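**Q** Next up is a structure, given as C-alpha cells.
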Amino acid sequence: MYVRDVVNSRLCVLCRGANRLCGRAYCPILARSMALMKLSRVVNTVNVEGSSPPSVFVGRIGYPKVLAGPATPPEHGNTSLYDLPELWLDIPLESIVAFRGSLIVARRPVNVYDVESRYVQTLQELVLSVDPVDIEITLRKPPRAEISLSDFEPPIGPRAPVKDFYIVSYRATHRVIEKVYSDTDLSAREAVVKLYESSIPVTHIQKLFSVGALGKKRSRRLVPTRYAITAVDVILSDHLLKRVRELPELDSVLLFTRSIHNNLFAAILIPGKWSFEWMEAWFPGSTWNPYGKEVVIEGDYELYKGRKSYPSIGGCYYASRLATAEYML
Numbered sequence: 002m003y004v005r006d007v008v009n010s011r012l013c014v015l016c017r018g019a020n021r022l023c024g025r026a027y028c029p030i031l032a033r034s035m036a037l038m039k040l041s042r043v044v045n046t047v048n049v050e051g052s053s054p055p056s057v058f059v060g061r062i063g064y065p066k067v068l069a070g071p072a073t074p075p076e077h078g079n080t081s082l083y084d085l086p087e088l089w090l091d092i093p094l095e096s097i098v099a100f101r102g103s104l105i106v107a108r109r110p111v112n113v114y115d116v117e118s119r120y121v122q123t124l125q126e127l128v129l130s131v132d133p134v135d136i137e138i139t140l141r142k143p144p145r146a147e148i149s150l151s152d153f154e155p156p157i158g159p160r161a162p163v164k165d166f167y168i169v170s171y172r173a174t175h176r177v178i179e180k181v182y183s184d185t186d187l188s189a190r191e192a193v194v195k196l197y198e199s200s201i202p203v204t205h206i207q208k209l210f211s212v213g214a215l216g217k218k219r220s221r222r223l224v225p226t227r228y229a230i231t232a233v234d235v236i237l238s239d240h241l242l243k244r245v246r247e248l249p250e251l252d253s254v255l256l257f258t259r260s261i262h263n264n265l266f267a268a269i270l271i272p273g274k275w276s277f278e279w280m281e282a283w284f285p286g287s288t289w290n291p292y293g294k295e296v297v298i299e300g301d302y303e304l305y306k307g308r309k310s311y312p313s314i315g316g317c318y319y320a321s322r323l324a325t326a327e328y329m330l
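Quick note: the sequence shown uses our numbering, first residue 2, plus one each step.
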C-alpha cells in the first residue's frame with residue numbers, strides 16, 4: 002500500500018495536515034513531501050550511495066524464492082535512527098515516516114536456502130555491524146519516488162531491482178554478534194537469547210535472524226522480515242516467561258497508561274498465576290474503523306502454559322507480551 006492509496010483528495014483539501022480528518026495519527030502527504038526532499042537527487046539515477054543504518058529487507062511473496070536486499074538513504078553519516086525503533090518513542094510520526102521514506106530498498110530474487118551466495122553473505126556482513134555502513138548500490142532502473150505503508154513493518158521508501166551492491170567502509174561489530182555468527186553449532190534460539198542478554202537491541206537481532214546469520218549451519222536460511230520480527234519476539238518472551246512464572250504473585254492491582262501518537266495504551270497487572278491478554282479497540286474515525294459508528298474490539302489471550310496456536314490479532318500480541326515480561330523482571 003502506497004501513500005497515494007490512503008489519500009482522499011476531498012478530505013485532504015479541508016484538512017491540510019492539521020486536523021487528521023483521515024483518522025491517522027500523522028499526515029501521509031506531509032511525511033511523503035519530507036521524504037521526497039531527500040530522494041530528489043536519486044530518482045533519475047541507478048547509482049545510489051549512502052550510509053545504511055544498517056538495514057535489510059526480506060520479502061515473503063513467492064517463498065522460497067523471495068525478494069531481498071539492502072536499504073539505505075541517499076546520505077552519509079549517522080543514520081542509525083532510521084532503523085532503530087527503540088529510539089522512536091518521542092519522535093513525531095511525520096518525522097518517522099519521512100526518514101523511513103527516504104530509505105531506498107534495493108531487491109532481487111533470492112532462494113532463502115542460498116545463504117552461501119556472495120550476495121546473501123554481503124547482506125549478512127552488512128547487519129553484523131551495529132553502526133551505519135557506507136554502501137554503493139547499482140540498480141537496474143531508477144527508483145520510483147513513493148513511500149510504502151504496511152500494517153506489519155515500518156514504512157519504507159522507493160523499491161527498485163538491484164544489479165549489485167558493495168560495502169565501501171565496514172564498521173566494527175559487537176564481539177557477541179561475531180561470536181554467534183561464527184558458531185554454526187549454536188541453535189538460532191540460543192543465539193537470539195545470547196544476543197539479547199548481551200544488550201543487543203531486539204530489532205537488530207531480528208535483522209540478523211532475517212538474513213540467516215544465526216543458527217546451525219544446515220538450518221540457516223533467509224526469513225521474511227515480517228516473520229523474523231515475530232519469531233524473535235516469541236523466542237525472547239518464551240525465555241523470559243520461564244522466570245516470570247516463578248515470581249511471587251502480586252499483592253495489588255497495578256494500572257499503567259501511556260498516550261502517544263494519538264493512541265492510548267493501558268496495562269493492567271492483576272494478582273494471580275501468569276496469564277496474558279492483548280486487546281485493541283478501534284474507535285470510529287480511526288485508521289481501521291474510519292466509517293464505523295461503534296468501537297471495534299479484537300484480542301487474544303493465553304493461560305499459564307501459553308498458546309499453541311497463532312493469535313488471531315497478529316504479531317503485535319508477541320511484541321506486547323515481550324514488553325510485559327521485560328517489565329516484570
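The beta-carbon is built from N, C-alpha and C at its ideal position, and this holds for glycine as well.
Nothing here was measured: the structure is a model prediction, and the numbers come from that model.
1. Leu82 and Arg108: beta carbons closer than 9 Å?
2. Assess, as a yes-or-no matter, whether the segment 210–228 is touched by the segment 54–61 under the definition of 3 or more beta carbon pairs within less than 8 Å.
3. Where in the segment 177–205 do unbroken runs of the alpha helix (DSSP H), each at least 4 residues long, occur, reported from the N-terminal end onward?
4. Can you tell me whether DSSP reads Gly102 as helix, strand or coil?
5. Helix, strand or coil, according to DSSP, for Thr46 in the structure here?
6. What is the DSSP secondary structure of Ser221, counted as helix, strand or coil?
7. Ignore the nearest five residues each way along the sequence and tell me which others in Glu299's own chain have a CB closer than 6 Å to its CB.
8. Spatial neighbours of Asp186 within its chain, please: C-beta separation below 7 Å, excluding the five flanking residues on both sides.
9. Answer with buried or exposed for Gly63, where buried requires no fewer than 16 other C-beta atoms within 10 angstroms of its C-beta.
10. Determine whether the beta carbon atoms of Leu251 and Thr258 lie at a separation below 9 Å.
11. Kindly confirm or deny that the segment 195–204 and the segment 284–298 touch, where touching means at least three C-beta pairs closer than 8 Å.
12. Considering just the uninterrupted stretch of the beta strand (DSSP E) at Trp73, what are its terminal residues?
13. Check whether the segment 66–80 touches the segment 170–186, counting contact only when three or more Cβ pairs, one atom from each stretch, lie closer than 8 Å.
14. Can you name, in chain order, every residue of its own chain whose Cβ lies under 7 Å from the Cβ of Lys142, other than the five neighbours on each side?
15. Using the Cα positions of Pro86 and Val128, report the straight-line distance between them to the nearest angstrom.
16. Does DSSP put Thr288 in a helix, a strand or coil?
17. Grab the span of the beta strand (DSSP E) containing Leu255 for me, first residue to last.
18. Does DSSP classify Arg160 as helix, strand or coil?
19. Locate the beta strand (DSSP E) running through Ile138, then write down its first and last residues.
20. Can you name the residues that DSSP bridges to Pro110?
21. Between which two residues does the alpha helix (DSSP H) carrying Val128 extend?
22. Mapping the DSSP letters down to three states, classify Val212 as helix, strand or coil.
23. Helix, strand or coil: how does DSSP classify Tyr305 here?
24. Which residues bound the alpha helix (DSSP H) around Glu327?
25. Are the CB atoms of Ile236 and Val194 within a distance shorter than 9 Å?
26. Does DSSP put Val59 in a helix, in a strand, or in coil?
27. Is Asp165 helix, strand or coil by DSSP?
28. Measure the Cβ-Cβ separation of Asp234 and Leu323 and say whether it is below 9 Å.
29. Looking at the structure shown, is Ile314 part of a helix, part of a strand, or coil, going by DSSP?
30. Tell me Val297's beta-bridge partners as DSSP assigns them.
31. Measure the C-alpha to C-alpha separation of Glu327 and Asn45 and round it to an integer number of angstroms.
32. Along the beta strand (DSSP E) that carries Leu248, what are the first and last residues, could you check?
33. Output the distance between the C-alpha atoms of Ser118 and Val111, rounded to the nearest integer angstrom.
34. Sorted by chain position, which residues of the same chain lie with C-beta nearer than 7 Å to Arg222's C-beta, five sequence neighbours on each side aside?
35. Exposed or buried, what is Glu95 when buried is set at 16 or more other beta-carbons lying within 10 Å of its beta-carbon?
**A** Result, derived from the coordinates:
1. Position 81 of the sequence shown, counted from the first residue, corresponds to residue 82. Position 107 of the sequence shown, counted from the first residue, corresponds to residue 108. For Leu82 and Arg108, no; Cβs fall outside 9 Å.
2. yes
3. 189–198
4. As a first step, residue 102 must be located in the sequence shown, where it is residue number 101. Shown here, Gly102 sits in a helix according to DSSP, grouped into three states.
5. Position 45 of the sequence shown, counted from the start, is the residue given in the question as residue 46. Coil.
6. In the sequence shown, residue 221 corresponds to position 220, counting from 1. Checking the sequence shown, residue 221 turns out to be Arg, not Ser. Three-state DSSP puts Arg221 in coil, outside helix and strand.
7. Translated into the one-based positions of the sequence shown, residue 299 becomes position 298. For Glu299, where only same-chain residues beyond five positions count, the Cβ hits under 6 Å are Glu281, Ile314.
8. Against the sequence shown, residue 186 aligns to sequence position 185. For Asp186, where only same-chain residues beyond five positions count, the Cβ hits under 7 Å are Lys217.
9. Residue numbering aside, residue 63 sits at position 62 when the sequence shown is read from its first letter. Per the 10 Å Cβ criterion, exposed.
10. Locating residue 251 in the sequence shown gives position 250, where the first residue counts as 1. Locating residue 258 in the sequence shown gives position 257, where the first residue counts as 1. Here Leu251 is not near Thr258, since their CB atoms are 9 Å or more apart.
11. no
12. Here the question's residue 73 lines up with position 72 in the sequence shown. Going by the sequence as given, residue 73 is Thr instead of Trp. Membership of Thr73 in the beta strand (DSSP E) is indicated by the continuous run 66–73.
13. With a cut-off of 8 Å on Cβ pairs, the segment 66–80 is not in contact with the segment 170–186, counting fewer than three such pairs.
14. Your numbering for residue 142 matches position 141 in the sequence shown. So the list reads Val47, Ala161, Pro162, once near-sequence residues are dropped.
15. Residue numbering aside, residue 86 sits at position 85 when the sequence shown is read from its first letter. Residue numbering aside, residue 128 sits at position 127 when the sequence shown is read from its first letter. Cα-Cα distance, rounded: 16 Å.
16. Residue mapping note: residue 288 aligns to position 287 of the sequence shown, counting from 1. Here Thr288 sits in coil by DSSP.
17. Within the sequence shown, residue 255 is the residue found at index 254, counting from 1. 255–261 is the extent of the beta strand (DSSP E) around Leu255.
18. As a first step, residue 160 must be located in the sequence shown, where it is residue number 159. Reduced to three states, the DSSP call for Arg160 is strand.
19. By 1-based counting over the sequence shown, the position of residue 138 is 137. Run containing Ile138: 134–140, per the beta strand (DSSP E) assignment.
20. For the purposes of this step, residue 110 is identified with residue 109 of the sequence shown, where counting begins at 1. In DSSP, Pro110 forms a bridge with Leu68.
21. Start at 1 with the first residue of the sequence shown, and residue 128 comes out as number 127. From DSSP, the alpha helix (DSSP H) with Val128 extends over 119–129.
22. Against the sequence shown, residue 212 aligns to sequence position 211. Assigned with DSSP and collapsed to three states, Val212 falls in coil, not helix or strand.
23. Within the sequence shown, the letter at position 304 stands for residue 305. Of the three classes helix, strand and coil, the one that applies to Tyr305 here is coil, per DSSP.
24. Counting from one through the sequence shown, the residue named residue 327 turns up at place 326. Its alpha helix (DSSP H) spans residues 317–329.
25. On the sequence shown, residue 194 is found 193 positions in, with the first residue counted as 1. On the sequence shown, residue 236 is found 235 positions in, with the first residue counted as 1. Cβ distance < 9 Å, so Val194 and Ile236 count as in contact.
26. Translated into the one-based positions of the sequence shown, residue 59 becomes position 58. Of the three classes helix, strand and coil, the one that applies to Val59 here is strand, per DSSP.
27. On the sequence shown, position 164 is the one that residue 165 refers to. Asp165 falls in the strand class under three-state DSSP.
28. In the sequence shown, the residue the question calls residue 234 occupies position 233. In the sequence shown, the residue the question calls residue 323 occupies position 322. Cβ atoms of Asp234 and Leu323: closer than 9 Å.
29. One-based indexing of the sequence shown puts residue 314 at position 313. In this structure, Ile314 counts as coil in the three-state DSSP scheme.
30. Residue 297 sits at position 296 when you count from the first residue of the sequence shown. For Val297, which the question treats as bridged, DSSP gives the partners Trp283.
31. Indexing the sequence shown from 1 puts residue 327 at position 326. Indexing the sequence shown from 1 puts residue 45 at position 44. The alpha-carbon atoms of Glu327 and Asn45 are separated by roughly 46 Å.
32. Numbered from 1 along the sequence shown, position 247 holds the residue referred to as residue 248. Here Leu248 belongs to no beta strand (DSSP E), and DSSP marks it neither H nor E.
33. Here residue 118 refers to the residue found at position 117 when the sequence shown is read from its first residue. Here residue 111 refers to the residue found at position 110 when the sequence shown is read from its first residue. Roughly 9 Å separates the two Cα atoms.
34. Translated into the one-based positions of the sequence shown, residue 222 becomes position 221. Same-chain partners within the cutoff: Val113, Tyr114, Val116, Gly213.
35. One-based indexing of the sequence shown puts residue 95 at position 94. Buried, by the Cβ-count rule.
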